[in-house]
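The sequence shown lines up with residues 158 to 521 when you count with my numbering. Here a beta-carbon is modelled for each residue, glycine too, at the ideal position from N, C-alpha and C. Single-structure report; data block below.
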Amino acid sequence: MKPTSYIKSLPVRDRISISQPLGLDTINLGYNELPFKPTKQIALAIEKIKQSAGSYGDPMCFDLRSKIEDVYDIKKEKVICGNGSEELIDVIARNFVSSDDEILISEFGYIQFVLAANRLNAKLVKASEKLFCTDVDQILGKVSSKTKLIFMANPNNPTGTFIELGEIRRLIENIPTNVALVLDLAYGEFVSFDYCRQIHNLVDQYENVIVTRTFSKAFGLAGLRVGWCHAPTEMISGFYAARGMGSVNAMAQAAAIASLDDIEEIQSRVNLIIDERERVARALLKIGVHTLPSRANFLLASTNNQDAQTIEGLVQFLFNEAGIIVNRTRETGLEGFMRFSLSFPENNELLIKTCSRYLAEGLS
Ligand SMILES: *Cc1c(COP(=O)(O)O)cnc(C)c1O
158 MKPTSYIKSL
168 PVRDRISISQ
178 PLGLDTINLG
188 YNELPFKPTK
198 QIALAIEKIK
208 QSAGSYGDPM
218 CFDLRSKIED
228 VYDIKKEKVI
238 CGNGSEELID
248 VIARNFVSSD
258 DEILISEFGY
268 IQFVLAANRL
278 NAKLVKASEK
288 LFCTDVDQIL
298 GKVSSKTKLI
308 FMANPNNPTG
318 TFIELGEIRR
328 LIENIPTNVA
338 LVLDLAYGEF
348 VSFDYCRQIH
358 NLVDQYENVI
368 VTRTFSKAFG
378 LAGLRVGWCH
388 APTEMISGFY
398 AARGMGSVNA
408 MAQAAAIASL
418 DDIEEIQSRV
428 NLIIDERERV
438 ARALLKIGVH
448 TLPSRANFLL
458 ASTNNQDAQT
468 IEGLVQFLFN
478 EAGIIVNRTR
488 ETGLEGFMRF
498 SLSFPENNEL
508 LIKTCSRYLA
518 EGLS
């Protein structure tokens with residue numbers, strides 16, 4: 158008999174724990190994190206909340222949602238926070254999708270969308286991409302009477318590519334209103350804060366648009382686990398019902414509030430990463446490493462002919478010679494790529510130099 162809650166398993170990989178052969182400190186560029194330490198204000202907030210470790214955090218995240226309302230001018234009644242946006246992706250999927258319903262994503266869409274569909278035993282439908290970029294016409298072509306949700310990360314992970322607001326609007330205008338469109342803005346700040354604002358405006362203009370945000374990337378709080386979702390007011394109570402009561406811990410709430418109080422510092426950090434993104438892409442191109450046009454804080458890179466073995470060798474070389482850990486993308490169609498986050502200029506320089514050595518020494 159077929160079990161009712163069969164979940165497709167994925168290979169489980171541990172964080173790299175083997176020691177660096179030359180005894181070098183490792184530099185992890187594999188998780189799209191920012192390299193910075195918490196800002197002074199964030200560190201102070203964390204220090205302060207330690208005293209209250211015995212008390213529950215606010216299940217409704219009232220202060221954090223109020224801060225989000227102040228900073229982004231988004232009504233707090235339309236916001237729910239979660240244990241990272243990862244939890245919210247799951248919560249949203251559980252609200253709209255039953256087994257045998259369809260979730261539609263782009264070909265190289267974010268892995269969490271795939272996992273959310275698997276957990277619900279929903280059918281995952283993929284729309285092919287053009288030049289590793291979301292293609293609205295292909296998505297529209299895959300919408301069926303069973304489609305309940307479209308998940309789209311914009312910019313996308315792992316490709317880093319994004320589509321313009323006009324294309325998103327065209328998508329919304331052409332899908333049935335009973336299909337919810339989730340726009341995952343995990344990397345929106347690396348396009349611009351203004352772009353994020355324009356995307357949020359869509360939630361007020363259409364009844365079926367949901368936006369998710371995270372404090373893990375631009376705000377540098379990945380380890381504390383906090384994200385939020387902006388949705389039509391009518392959807393929010395259903396999301397609370399599907400979410401864990403205490404899923405956003407007190408320290409995460411305090412740190413997220415402090416980061417919004419420190420938004421100018423966050424913005425200047427984002428700007429440094431954006432500058433590095435453009436500089437590193439140009440420098441790599443000169444030595445024969447191609448990158449996709451990224452609007453995120455990472456680059457998806459390949460060598461000539463997108464050869465999988467050459468990239469495999471480069472990934473190993475970066476670790477063995479420089480202690481640099483990158484993400485070896487293994488998704489079908491991306492076997493010839495590696496993904497790495499932009500870091501401080503000195504780390505990026507080391508990456509460029511080491512790539513250059515690998516290619517010059519003919520180790521490929
Ligand atoms: C990193 C990332 C997130 C953020 O996940 P959290 O659970 O908030 O840490 C969301 N969406 C995408 C596409 C990401 O790459």
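What residue range is occupied by the uninterrupted alpha helix (DSSP H) comprising VAL271? Residues 268-276.
Please state whether the Cβ-Cβ distance between VAL128 and CYS386 is less than 9 angstroms. Residue 128 cannot be examined here, being either before or after the span of the chain that is shown, 158 to 521.
Give the C-beta separation of GLU264 and GLU286 to the nearest angstrom, bearing in mind that I take them to be a contact with Cβ-Cβ under 8 angstroms. Contact holds; Cβ gap of about 4 angstroms.
Using beta-carbon positions only, say whether ALA479 and ILE268 come within less than 9 angstroms of one another. No, the pair does not count as a contact, with Cβ atoms beyond the cut-off.
Can you pull the DSSP bridge partners for ASN484? For ASN484, the pairing in a beta bridge is given by DSSP as ARG496.
Are at least three pairs of beta-carbons, each pair with one atom in the segment 462-473 and one in the segment 318-327, less than 8 angstroms apart? The segment 462-473 vs the segment 318-327: no contact.
6 angstroms Cβ shell around ILE296 - same chain, five flanking residues per side excluded: By the criterion of a C-beta distance shorter than 6 angstroms, ILE296 is surrounded in its chain by ALA284, once the five residues flanking it on both sides are discounted.
Expected contact under 8 angstroms - CB spacing of VAL300 and LEU338 to nearest Å: In fact, because the Cβ distance is near 10 angstroms, the residues do not count as touching under 8 angstroms.
Residues that DSSP places opposite SER263 in a beta bridge: Looking at the DSSP output, SER263 bridges to ALA284.
Using a strict less-than 5 angstroms threshold between each residue's beta carbon and the heavy atoms of ligand 1, what residues do you get? Cβ atoms closer than 5 angstroms to ligand 1 belong to GLY241, SER242, GLU243, TYR267, ALA310, ASN314, ASP341, ALA343, THR371, SER373 and GLY384.
Measure the beta-carbon distance from SER500 to PRO192 and round it to whole angstroms, keeping in mind my assumption that it falls under 8 angstroms. Between SER500 and PRO192 a beta carbon distance of about 4 angstroms is seen, short of the 8 angstroms cut, so the two are scored as contacting.
Our contact map puts LEU342 next to MET309 with C-beta atoms below 8 angstroms; I'd like the distance itself, whole angstroms only. That pair is no contact at about 10 angstroms.
Report the rounded CA-to-CA distance for CYS512 versus SER256, giving the unit in angstroms. Roughly 46 angstroms separates the two Cα atoms.
Along the chain, where does the beta strand (DSSP E) that runs through THR318 open and close? Annotation for THR318: no beta strand (DSSP E) segment contains it, and DSSP assigns it neither H nor E.
DSSP state of VAL437 mapped onto helix, strand, coil: Collapsing the DSSP output to three states places VAL437 in a helix.
Is PHE308 helix, strand or coil when you go by DSSP? Correct three-state label for PHE308: strand.
Can we say the segment 226-237 touches the segment 386-401, given the rule of at least three CB pairs closer than 8 angstroms? Yes, the segment 226-237 is in contact with the segment 386-401.
I need the straight-line Cα distance from LYS159 to VAL271, nearest angstrom please. Model confidence at LYS159 stands at a pLDDT of 46, short of 50, so the residue's coordinates are unreliable and nothing is read from them.
For ILE444, write down the residues that DSSP places opposite it in a beta bridge. Residue pairing from DSSP leaves ILE444 without any beta-bridge partner.
Ordered list of beta strand (DSSP E) runs contained in the segment 333-368, each at least 3 residues: Fully contained in the segment 333-368 are the following beta strand (DSSP E) runs of length 3 or more, in chain order: 337-341.
What does a CB cutoff of less than 8 angstroms around VAL348 pick up in its chain, not counting 5 residues either side in sequence? Closer than 8 angstroms at Cβ, skipping near neighbours: PRO312, PHE319 and ARG452.
Identify every residue that forms a DSSP beta bridge with GLY239. Under DSSP, GLY239 takes part in a beta bridge, and its partners are GLY384.
To the nearest angstrom, how far is the alpha carbon of SER176 from that of LEU491? If you draw a straight line from the Cα of SER176 to the Cα of LEU491, it is about 27 angstroms long.
CA nearest to the CA of ALA375, picked from ARG400, VAL427, ALA409 and VAL336: Nearest option by C-alpha distance: VAL427.
If you draw a straight line from the alpha carbon of LYS504 to that of PHE474, how long is it in whole angstroms? In the sequence as displayed, the identity of residue 504 is Asn instead of Lys. Between ASN504 and PHE474, the C-alpha separation is close to 15 angstroms.
LEU277 and VAL254: beta carbons closer than 9 angstroms? A contact, by the Cβ cut-off of 9 angstroms.
Give the DSSP-derived three-state secondary structure of ARG400 in the structure shown. In the three-state DSSP reduction, ARG400 falls in the coil class, being neither helix nor strand.
Rounding to the nearest angstrom, what Cα-Cα distance links THR161 and ARG251 in this structure? Here THR161 scores only 48 on pLDDT, less than 50, and its place in the model is too uncertain to base an answer on.
Assuming LEU179 and ILE414 make a contact with CB atoms under 8 angstroms, what is their CB distance in whole Å? Contact between LEU179 and ILE414 does not hold, since their C-beta atoms are separated by about 42 angstroms, which reaches or exceeds 8 angstroms.
Given a cut-off of 9 angstroms on the beta-carbon distance, is the pair ALA411 and ILE225 in contact? The answer is no: Cβ separation not under 9 angstroms.
Alpha helix (DSSP H) segments (min. 4 residues) lying fully within the segment 178-235: Counting whole runs of 4 or more residues, the segment 178-235 contains the alpha helix (DSSP H) stretches 197-206 and 219-229.
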